[in-house]
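**Student:**
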Amino acid sequence: MRIKCWGSRGSLSVCGPEYQKYGGDTTCLEIRSRQDDVIIVDAGTGIRRLGNALMREGKKQVHFLFTHAHWDHLIGFPFFKPLYHESSEIFMHRCPFGNNFVETMLSKVMTPPYFPIRYNDIKAKIHYDDACPLEFTVGPVAISPIPLSHPNRGSGYRFMENGRSMVFLTDNELGYRHEGGMAFDDYVQFCRNTDLLIHDAEYTPDDYVQTRGWGHSCYTDVVDLAIRANVRQLGLFHVNQDRSDPDMDAIVDQCRQILKANNRDIDCFGVESNREFNL
Ligand SMILES: [Zn+2]
Ligand SMILES: [Zn+2]
């Protein structure tokens with residue numbers, strides 16, 4: 061399984077010299093199975109560059125999963141160029157809300173007067189599949205969902221192929237249980253022994269005095285989760301829109317120090333745009 065991050069910025073896309081390392085695009089992950097199936101998680105602004113890359117490659121079939129409906133995870137969708145080609149084929153796996161929520165959610169992004177092209181005018185062939193809450197597969201990749209602790213709910217996922225796994229939990233607040241969310245121990249169980257955990261680590265302990273209940277995690281809780289779940293690699297995600305590169309580097313340093321103090325050999329880093337993983 062190969063994974064590429066096309067955007068890790070939280071809440072709002074940003075640009076400027078202070079954001080060069082971690083990047084300015086909002087959430088979009090690409091997962092490639094060993095059979096070259098393409099699974100896209102979320103359509104933040106990073107999906108624009110992914111769409112362009114898929115067009116260059118001539119890749120016609122893609123699978124979509126969404127974590128939730130907040131703007132920063134959807135707003136790039138109309139700029140995904142394969143939508144406007146009849147030869148494109150899109151498989152929508154209806155997570156996390158089931159029924160026809162994916163269509164409803166995307167129709168709201170693509171509707172005049174907010175956007176000139178309607179969702180129904182997309183040229184690509186779209187297939188729908190009810191996926192959550194049970195485990196499902198895309199080619200050789202087994203995908204398990206878990207409810208997020210986040211305002212308005214959502215879903216995290218574990219991707220498993222060939223005995224290797226990645227858990228993606230963004231917009232998940234470990235220190236506060238939102239409606240529909242799970243307890244800390246449930247997330248520990250879900251992440252147990254995973255090769256790569258990518259988790260929302262938006263806030264510092266100083267921020268968290270003010271931001272508790274806003275739907276994002278304080279990095280100390282994330283490191284605690286990584287230790288208790290015995291993960292191999294920890295990627296810090298959903299970088300706050302006001303967090304400069306040196307500020308984010310400082311968070312990574314703090315997390316590494318906590319890991320070292322606990323004698324844990326977990327590879328910890330901030331997830332930059334364009335970072336790739338080979339599992
Ligand atoms: Zn978000
Ligand atoms: Zn959110």
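As numbered in the working numbering, the sequence shown has no gaps in its residue numbers, which increase by one up to the final residue, 339.
All C-beta atoms, glycine included, are put in the ideal place defined by N, C-alpha and C.
#1: Starting from Asn338, trace the beta strand (DSSP E) both ways and give me its first and last residue.
#2: What are the boundary residues of the beta strand (DSSP E) that Met226 is part of?
#3: Starting from the N-terminal end, write out each residue whose C-beta falls within a distance shorter than 5 Å of any non-hydrogen atom of ligand 2.
#4: For Ala286 and Gly295, I'd like the C-alpha separation in whole angstroms.
#5: Sorry if obvious, but does the Cβ on Ser277 come closer than 7 Å to a heavy atom of ligand 1?
#6: Which residues in the same chain as Val282 place their Cβ atom closer than 6 Å to its Cβ, once the five residues preceding and following it in sequence are excluded?
#7: Could you tell me the distance, in whole angstroms, from the CA atom of Phe337 to the CA atom of Asp309?
#8: With the cut-off set at 8 Å, would you say Phe196 and His153 are in Cβ contact?
#9: What are the complete beta strand (DSSP E) segments, minimum 3 residues, inside the region 190–265?
#10: With a threshold of 16 other CB atoms inside 10 Å of the CB of Glu221, please say whether the residue is buried or exposed.
#11: Regarding His298 and ligand 1, is the C-beta to nearest heavy atom distance less than 7 Å?
#12: Which residues in the same chain as Gly67 place their Cβ atom closer than 7 Å to its Cβ, once the five residues preceding and following it in sequence are excluded?
#13: Please report the distance separating the alpha-carbon of Val374 from that of Leu257.
#14: Do you know whose CA, among Pro176, Asp231, Met61, lies nearest His128's CA?
#15: Check Lys185 in the structure and name its three-state DSSP category.
#16: So the beta strand (DSSP E) Ile311 belongs to, where does it begin and stop?
#17: In the DSSP output, what is Val98 paired with across the bridge?
#18: Could you give the first and the last residue of the continuous beta strand (DSSP E) run that contains Val122?
#19: Compute the distance between the beta-carbons of Val169 and Ile135, then report whether it is under 8 Å.
#20: May I ask you to report which of helix, strand or coil DSSP gives Glu149?
#21: If I follow the unbroken beta strand (DSSP E) through Asp132, where does it start and stop?
#22: So the candidates are Asn180, Phe175, Pro173, Glu149; which of them puts its Cα closest to the Cα of Thr164?
#23: With distances taken Cα to Cα, identify the nearest neighbour of Gly118 among Ser147, Pro138, Arg94.
#24: Roughly how many angstroms lie between the CA atoms of Asp266 and Thr280, to the nearest whole one?
#25: Using three-state DSSP, classify Gln80 as helix, strand or coil.
**Tutor:** Taking the geometry as given:
#1: 336–338
#2: 224–229
#3: His130, Asp231
#4: 10 Å
#5: no
#6: His259, Ala261
#7: 20 Å
#8: yes
#9: 196–198, 201–207, 215–221, 224–229, 256–260
#10: buried
#11: yes
#12: Gly83, Asp85, Thr86, Thr87, Cys88, Gly104, Thr105, Gly106, Ser333
#13: A question about residue 374 goes unanswered here, because the residues of the chain that appear run from 61 up to 339.
#14: Asp231
#15: strand
#16: Run containing Ile311: none in the beta strand (DSSP E); it sits in the alpha helix (DSSP H), 305–321.
#17: Arg92
#18: 121–125
#19: yes
#20: strand
#21: Premise fails: Asp132 is in no beta strand (DSSP E) and is neither H nor E.
#22: Asn180
#23: Ser147
#24: 11 Å
#25: coil
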